[in-house]
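In my numbering, the protein residues as written are 3 to 1247. Just so it is clear, CB atoms sit at the ideal spot from N, CA and C, and this is done for glycine as well. Keep in mind the model is a prediction, meaning the values are calculated, not measured. Scroll down for the structure; my scribbles are underneath it.
This is the structure:
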């Protein structure tokens, strides 16, 4: 172990001035862990200073890296020992080392690194009070507040038997009652517990951590079982506003939480009251200082309806105790610090919820007294662990003020520190093993170094640390074993530092004279009238053993540190990396001390000392004068002797009541040199378990010694030895696996073919005719020509400080207003700049819910959330996002979704493409409007050559090609489509002249019709057997996703080759192509689709029926999305709802949507594995009042059903003869000539 007197122990002040590269950021690491990071600056000038706390070995390395968002440009390393010599300052412009290890002349970084040793800082060993010159932590969002009030609580409630001496322990308060009274007395902020007060007009706002693993629709309670979904459901349809709030993080999914626990209300005294601490409003948290295991389970006792036990598998009230006792600490704050707690809530709510639901702070201030006449002697500062993803108006990208407050308090400590915490893990860089596990907070190291410095100085100092026996959960679980392992490594590191200091000082003493770990436990004799459970645990389990031996730990959930009986830190933060990191769990805490009362000649630390004494009274059952001097060796030995004695009582086989004394020594043995070992007595496991106190041997290990673990380890070892034995054998094995995977792939393909009813398409002639040019309609080509300036301009608006968040791009169809955003969207600079990118295509007949779904699918696969907009808002909040909304036709589409795009002030952008200039002006006015223009002559020619040849045009065709491109009027779509025609006849000048002749006729039309006519040229060149397939695309809704399997089932495409991975699964048809489909389908009497007239009628008919209908319903772009697919090809005049019901009854369609009166509004195709799914069908309604005549108008008709038709046989024969594809004709209640036909069916040969 490195010499502790030469540690890099103090504060690193690092200033980054400037760099010589494009828009980078500068993170810096200490011993491989990132400790700070600059912002990303366009001008490469930062002038930013960071203070980094350190307590690291002299062989540590400081790494300063220059990087862009997803790429490292260069770095420089600084050895820590260079800062420990005579010069503690490094300043200058330094060349950086590239990622290949070579120095770079072009990459340089100017910075300053200054190391300030901890014992030379002004606050070292100085009291945490105004007497010691302490004015609060500087690097915190909230300053130190004076004239505040603080009330301290232990546990949720106190029973009548808890009566500590008031002269030593002060007056005890009951948290549960004070919280209830505070809420019940609220007038303006928080109400009834809680619904009652909401009904009285109080604004009740609840912000719950959204455990995204809790999925109520599959009855999964989530990893943490926090009842978050149940709570929201409980408050639904009340005036209480309850919102779930996930912990936003750079990497999804995240397992980190919102861990803050606060309540804020206004009191009858017209002031704000805030509660902070460790106590959750949750199951099992109600407990008294008795911490009973079995005696409060009767139906008239407190825990009959609140039985809680998560550390014993299968535990329940029906099987009896022990329950899991709960020890916690909490605080009540008044004054300006209470307002800071409220501000924290407001910042978090505004970041992730609708800020309009909050009561305006100004109105609250008018109703309360901020600084009353009452003078209070508490100074309070609010600390947090949080980052800007969780709050608005963040002063720092990441705030770690809780960690910094702990370190500052320990460095200022003079006599002792007392810690109660649920976890105590840190300083992994000083461990013997697992140095890179990521748990680098300095709190344990700082305590150990403080003790070592005091030992070397010959001064007394003591540290008391109270933790649970094991973390919550079954002790044999992998997660608990890992934490136990890390806790053991932390203890070993701390005792090692203390033991080495004792050895170096040559003094007599034992490490436990300075540092002691304790836990809390209880053991009860069976009492008369105790609850008798109807069932019992399984024999031999931990549950059975604990019940039989009538013992269990008291779970320590406190988050408390007391320093010198003068300063107190209390809140929600555990001593682990999750709570101290700032980018993991969000936490809140307060640091507070009392000032001297000159009038009463009080020292100012009375309440802090009284609170510690009250805690010690609860744990030890006594309050003695010696407790006033915790640093004294006598006090240490007294507390240690109580802990050792109670551990023997707890761990022995014979049941002996602990009689209200709960403090037990943590079950480890410490040698004189500071080595941590298992206890000599016992088997090295916690009582009643087979769980070793040392935890898992390695991070992520399972329970040591379990049979399944040993078998798994043996298998892993055997595999490793086999792999390492012979490289050639490894290669042969991998080759064999590859061959087997190929066989499996072929089998999967055959299964897919059989399931889909696919017939392979392999005719060479057909294949050749089907193979198109690079610009064929089925191929997506996002290449651009002549748009470099426009692209640069738009990208500059996206990543610079552009005033408008919305960037509209306007242009006619086919001009490239979609291709341009696609190229920008996929540009690497944009990919690196934005945290999230989302794309949605907006149909003319849009659905706002589907728009939100499409955007949300790019950020979160979940589509089960009941409030899609809120889910999207939460996902985007705190992130720099880019949303592209392509082809918007109506401002209403934007108005219905715009509220769900948070204005983070983080440089987020929304890019909207449209054909309508008026719509773009409504979005932003003329500011930021980007208009697409036609291509100039050179760009037209380049695009044409690229489309046809992929290279320069042959000289013999250049003249004809130039004539084509010049007449194209600079529309990119026209050039790409017309270029696709001669591409199949690259060497034929005659064919090019033919194309030119047709092209000129098309280009003489107006802009609105030109695109369709250009596309129709390409359509006319389709083979005859593919034209009906193309026209059938009109049946699919605009901008809808078309599954490949549906096209195969409808015989619209044939399988040529299926890929196992990377194959296309679905398609979309461009709105211009769809308009062409509809137009050509009407022209050829293939089909015609009408708009929905009202809730009961739907007009679907062929083109010659248009004359008697409202002209505005003849566009074929109607609002009947799913109906187009289900009834395409229908040649009906009117489809009434009773006929739709007939179709539903026959399972020909499924009801998709019902109107308000219950009538059918819309249906969708009911696909079955039958041949009829591949037919275009006509359905005719039966109406006895209306005689209908045969009216066929679809040349691709294969099956027809006739109801109630009256006609002659001659007309029947003529009509049937005009249907070359007709295979089946069914009639019901029809009359041909004089003979009625009740029911018949016929098939063509």
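- Judged by DSSP secondary structure, residue 623 falls outside any beta strand (DSSP E); it is assigned neither H nor E.
- Excluding sequence positions up to five before and after residue 672, its CB lies within less than 7 Å of the CB of 497, 513, 514 and 678, all in the same chain and listed in chain order.
- Of the other Cβ atoms in all chains shown, fewer than 16 fall within 10 Å of the Cβ of residue 104; this residue is therefore exposed.
- For residue 94, the uninterrupted beta strand (DSSP E) segment begins and ends at 91–99.
- With respect to the C-alpha of residue 38, the residue from 120, 383 and 399 having the closest C-alpha is 399.
- The residues 27, 48, 50 and 399, in chain order, have a CB closer than 8 Å to that of residue 41 in the same chain once the five nearest residues on each side in sequence are set aside.
- The three-state reading of DSSP puts residue 427 in coil, since its state is none of H, G, I, E or B.
- In its chain, beyond the 5 residues on either side, 634, 636, 637 and 640 have a beta carbon closer than 8 Å to the beta carbon of residue 628.
- Taking the C-beta atoms as reference points, residue 13 is found nearer than 9 Å to residue 117.
- The region 287–314 contains no complete beta strand (DSSP E) run of 3 or more residues.
- Contact annotation: the region 567–586 does not touch the region 341–351, with fewer than three C-beta pairs closer than 8 Å.
- In this structure, the straight-line span from the alpha carbon of residue 812 to that of residue 881 is close to 27 Å.
- Exclusion of the five residues before and after residue 499 leaves 6, 450, 451 and 454 as the residues of its chain whose Cβ lies within less than 7 Å of its Cβ.
- For the 9 Å CB-CB criterion, residue 610 and residue 568 form a contact.
- In this structure, residue 333 and residue 565 do not form a Cβ contact; the two beta carbons are roughly 16 Å apart against a cut-off of 8 Å.
- According to the DSSP assignment, residue 825 belongs to the alpha helix (DSSP H) that extends over 821–827.
- Boundaries for residue 598: no alpha helix (DSSP H) harbours it, and the DSSP string shows neither H nor E there.
- The C-beta of residue 1080 has 16 or more other C-beta atoms within 10 Å across all chains shown, which makes the residue buried.
- Residue 470 is a Cβ neighbour of residue 522, given a cutoff of 9 Å.
- Between the alpha carbons of residue 920 and residue 241 lies a distance of about 42 Å.
- Contiguous beta strand (DSSP E) elements confined to the region 390–478 occur at 400–402, 418–423 and 464–468, taking only those with 3 or more residues.
- Contact annotation: the region 105–114 does not touch the region 295–305, with fewer than three C-beta pairs closer than 8 Å.
- Residue 901 counts as exposed, since fewer than 16 other C-beta atoms from the protein chains shown sit within 10 angstroms of its C-beta.
- At the C-beta level, residue 431 and residue 33 come within 9 Å of one another.
- Selection 410, 161 and 689 evaluated against residue 478 yields 689 as nearest (Cα-Cα).
- Selection 895, 899, 912 and 891 evaluated against residue 884 yields 912 as nearest (Cα-Cα).
- With a beta-carbon spacing of about 7 Å, residue 331 and residue 155 fall inside the 8 Å limit used to define contacts.
- Within 10 angstroms of the beta-carbon of residue 318 lie fewer than 16 other beta-carbons, which makes it exposed.
- A distance below 7 Å between beta-carbons, with the five flanking residues on each side excluded, links residue 380 to the following residues of its chain, in chain order: 150, 151, 152, 594 and 596.
- DSSP places residue 521 within a strand segment (E or B) once states are collapsed to three.
- Assigned with DSSP and collapsed to three states, residue 569 falls in strand.
- The beta carbons of residue 810 and residue 931 sit closer together than 9 Å.
- For residue 243, same chain residues with a beta-carbon under 6 Å away, outside a window of 5 residues either side, are 207 and 359 in chain order.
- Taking C-beta atoms under 8 Å as the contact rule, residue 533 and residue 300 qualify, at a distance of about 5 Å.
- Taking a C-beta distance under 9 Å as the contact criterion, residue 424 and residue 592 do not qualify as a contact pair.
- Leaving aside the five residues that flank residue 487 on each side, the residues in its chain whose CB is nearer than 6 Å to its CB run, in chain order, 697 and 698.
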